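Student: Numbers 37 to 247, taken from my numbering, label the letters of the sequence shown in order. Don't be surprised by glycine CBs; every beta carbon is placed ideally from N, CA and C. No experiment lies behind these values; they were computed from the predicted model shown.
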Amino acid sequence: MPADWVGLMAKWPEAGMVKTRLAAEIGEQLALRVYCRLLDNVLARCSPSESDTYRLGCFVTPGQKCRAFAERFPGYAFCYPQGEGNLGQRMQAALAHLLAQPGAKKAVLIGADIPLLGREQLRQAFEELDSHDVVWGPTDDGGYYLIGVSRWHETIFNDIDWGTEKVLKQSMEAAERSHVSFSLLEPLHDLDTVDDLARFDFLVPEDRKKR
């Protein structure tokens with residue numbers, strides 16, 4: 037049966053390895069707890085409902101933690117290693133894996149850092165892919181929280197300054213040069229700093245909230 041696919045790009049939760057910008061402000065252990073709440077949030081908000089036709093998988097780094105990740109955060113159709121390379125290379129590999137699934141027509145990748153990302157945005161992304169080659173969900177720092185494709189487009193990952201405010205702009209320019217049509221979803225805020233955390237206080241552990 038044809039199915040659309042959503043893949044989460046996730047890190048194994050380990051103190052000092054996740055949410056490092058946030059950890060510099062609130063400490064590694066609390067940042068780790070926030071990250072785990074973000075992972076729980078993804079499952080709660082993005083897992084398909086009975087009426088959805090997409091399936092949800094996960095790509096984990098480091099790869100040897102896939103089984104442990106699946107046990108700690110059950111609910112994914114699969115957990116697969118992200119592999120080697122920069123972010124663009126790992127996203128290319130993940131999208132290729134999703135599009136290779138039996139009956140796959142469209143594939144979307146998301147991150148865990150967007151507290152308000154949910155099924156509504158995923159459904160909209162798949163709708164946009166009915167009439168566009170690529171869809172992006174912009175963040176306010178120049179990157180994107182979501183990328184979706186209806187077929188393979190390697191060129192949109194070439195010559196991108198990953199981890200900078202140029203990512204989305206360069207990606208769109210690459211698409212235009214290659215005559216790849218694209219659409220943009222509504223911008224959403226990611227969570228990187230203590231100011232961001234104040235905006236999404238439902239992610240603060242209960243024992244750390246101010247009374």
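Just the Cα atoms here: how many angstroms apart are I62 and H215?
Tutor: For this step, residue 62 is matched to residue 26 along the sequence shown. For this step, residue 215 is matched to residue 179 along the sequence shown. Answer to the nearest angstrom: the Cα atoms are 45 Å apart.
Student: D195: which of A210, V171, L75, H189 sits nearest, CA to CA?
Tutor: As a position in the sequence shown, residue 195 is number 159, starting the count at 1. For D195, the nearest C-alpha among the options comes from A210.
Student: Could you tell me whether the Cβ atoms of G147 and Q118 are closer together than 8 Å?
Tutor: By one-based count along the sequence shown, residue 147 stands at place 111. By one-based count along the sequence shown, residue 118 stands at place 82. It is not a contact, given that the beta carbons lie outside the stated cut-off.
Student: Which full runs of the beta strand (DSSP E) of 3+ residues lie inside the segment 131–176, going along the chain?
Tutor: The segment 131–176 contains these whole beta strand (DSSP E) runs: 140–147, 170–174.
Student: At a cut-off of 7 Å, is Y116 close to the ligand ZN when judged by its beta-carbon and the heavy atoms of the ligand?
Tutor: Only the bare structure without any ligand can be found here, which leaves the ligand ZN out of the picture.
Student: Check R247 in the structure and name its three-state DSSP category.
Tutor: Mapped onto the sequence shown, residue 247 falls at position 211. With a pLDDT of 43 at R247, under the threshold of 50, the modelled position of that residue is not reliable, and the figure given next carries that caveat. Correct three-state label for R247: coil.
Student: What separation, rounded to the nearest whole angstrom, lies between the Cα atoms of G199 and G179?
Tutor: Counted from its first residue, the sequence shown places residue 199 at position 163. Counted from its first residue, the sequence shown places residue 179 at position 143. Cα to Cα, the separation comes out at about 8 Å.
Student: DSSP on V185, reduced to helix/strand/coil?
Tutor: Taking the first residue of the sequence shown as 1, we reach residue 185 at position 149. V185 falls in the strand class under three-state DSSP.
Student: Just the Cα atoms here: how many angstroms apart are D237 and L224?
Tutor: Indexing the sequence shown from 1 puts residue 237 at position 201. Indexing the sequence shown from 1 puts residue 224 at position 188. One C-alpha to the other measures close to 16 Å.
Student: Hey, would you say H168 sits closer than 8 Å to S217, going by beta carbons?
Tutor: Counted from its first residue, the sequence shown places residue 168 at position 132. Counted from its first residue, the sequence shown places residue 217 at position 181. Yes, they are a contact pair.
Student: If you measure from the beta carbon of L68 to each beta carbon in chain C, is any gap under 8 Å?
Tutor: The question asks about chain C, but that chain is absent: this structure has only one protein chain.
Student: Apart from the five residues on each side of it in sequence, which residues of its chain come closer than 8 Å, Cβ to Cβ, to H189?
Tutor: Counting from 1 along the sequence shown, the entry for residue 189 is found at position 153. Same-chain partners within the cutoff: D169, V170, A211, S214, V216.
Student: So, for A113: in the same chain, excluding its five sequence neighbours on each side, which residues have a beta-carbon less than 7 Å away from its beta-carbon?
Tutor: As a position in the sequence shown, residue 113 is number 77, starting the count at 1. Excluding residues within five positions, the ones whose Cβ falls inside 7 Å are R91, L92, G93.
Student: Quick test of the definition: if touching needs 3 or more C-beta pairs under 8 Å, does the segment 123–138 touch the segment 72–87?
Tutor: The segment 123–138 is not in contact with the segment 72–87.
Student: Identify which residue in D88, V185, G121 has its Cα closest to the Cα of L134.
Tutor: Within the sequence shown, numbered from 1, the residue matching residue 134 stands at position 98. The shortest Cα separation from L134 among D88, V185, G121 belongs to V185.
Student: Rounded to a whole number of angstroms, what is the C-alpha to C-alpha distance between A46 and M53?
Tutor: Position 10 of the sequence shown holds residue 46. Position 17 of the sequence shown holds residue 53. Rounded to the nearest angstrom, the two C-alpha atoms are 12 Å apart.
Student: Whole angstroms is fine: what's the gap from K205's alpha carbon to A104's?
Tutor: The sequence position of residue 205 within the sequence shown is 169, counting from 1. The sequence position of residue 104 within the sequence shown is 68, counting from 1. When rounded, the distance between both Cα atoms is 36 Å.
Student: Using 10 angstroms around the beta-carbon of Q65, count the other beta-carbons present and answer buried if the total reaches 16, otherwise exposed.
Tutor: Within the sequence shown, the letter at position 29 stands for residue 65. Per the 10 Å Cβ criterion, exposed.
Student: D274 lies in the alpha helix (DSSP H); which residues open and close that run?
Tutor: Shown here, the chain extends from 37 to 247; a query on residue 274 therefore has no answer.
Student: Shortest alpha-carbon distance to A129 belongs to which of L68, T97, E222?
Tutor: To locate residue 129, count along the sequence shown from 1; it is residue 93. Answer by Cα proximity: T97.
Student: Could you give the distance in angstroms between the alpha-carbon of F95 and the alpha-carbon of D243?
Tutor: The sequence position of residue 95 within the sequence shown is 59, counting from 1. The sequence position of residue 243 within the sequence shown is 207, counting from 1. About 31 Å.
Student: Would you report the Cα separation of D88 and D197, rounded to the nearest angstrom?
Tutor: Residue mapping note: residue 88 aligns to position 52 of the sequence shown, counting from 1. Residue mapping note: residue 197 aligns to position 161 of the sequence shown, counting from 1. C-alpha separation (whole angstroms): 35 Å.
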